[in-house]
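Each remark here refers to the structure printed beneath this line.
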């Protein structure tokens, strides 16, 4: 796999030849206005996700995929909204995947962490990304999208990036 970087605040579309999309953590609330103002990139991400190609979003990436963040339009890939709060959610989590996704096979168990001052409503989709031990369902799996607050550590779970690359290859092979 070849990694291509892009700036969703300034570039108008995903890099040419993108077969999978990883949206990592960060502080989208700091850039919410710029992210929202870049309508062309939001549309590029939405169209990419709707095509069925694999998208993995963690924490800040999750917030970028919802309909809106504190009133700022985001990509609208997920039927959810986000808002910033004063409450810190922080900690290590043990999680398992209840269903197959582009990131993990059903039953995959991981250790991960959460760090955010936001909330997403609803907190989980019809198909959650993870089942958190002692906490319940969290995140979203919809088509080729796996979006969650959890930050996974790919060196500790190398099957995750391998699965993402395999999902990208499969999408290319079937012409998605």
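In our numbering, the protein residues as written are 3 to 178.
C-beta: ideal position from N, C-alpha, C; glycine also.
These numbers were taken from a predicted model, which means no experiment stands behind them.
Asked	Found
Kindly give me the distance between the Cβ atoms of residue 148 and residue 58, rounded to whole angstroms, as I take these residues to be in contact under 8 Å.	5 Å
Output the distance between the C-alpha atoms of residue 5 and residue 24, rounded to the nearest integer angstrom.	10 Å
Compute the distance between the beta-carbons of residue 17 and residue 173, then report whether it is under 8 Å.	no
Nearest-angstrom Cα distance between residue 69 and residue 53?	18 Å
When DSSP labels each residue in this structure, what does residue 171 get in the three-state scheme?	helix
Cα separation between residue 161 and residue 104?	11 Å
Mind checking whether residue 75 and residue 43 have CB atoms under 8 Å apart?	no
Measuring straight from C-alpha to C-alpha, what distance separates residue 94 and residue 13?	34 Å
Can you name, in chain order, every residue of its own chain whose Cβ lies under 7 Å from the Cβ of residue 86, other than the five neighbours on each side?	31, 72, 119 and 120
Alpha helix (DSSP H) containing residue 95: first to last residue?	That residue, residue 95, is in no alpha helix (DSSP H); its beta strand (DSSP E) goes 83-98.
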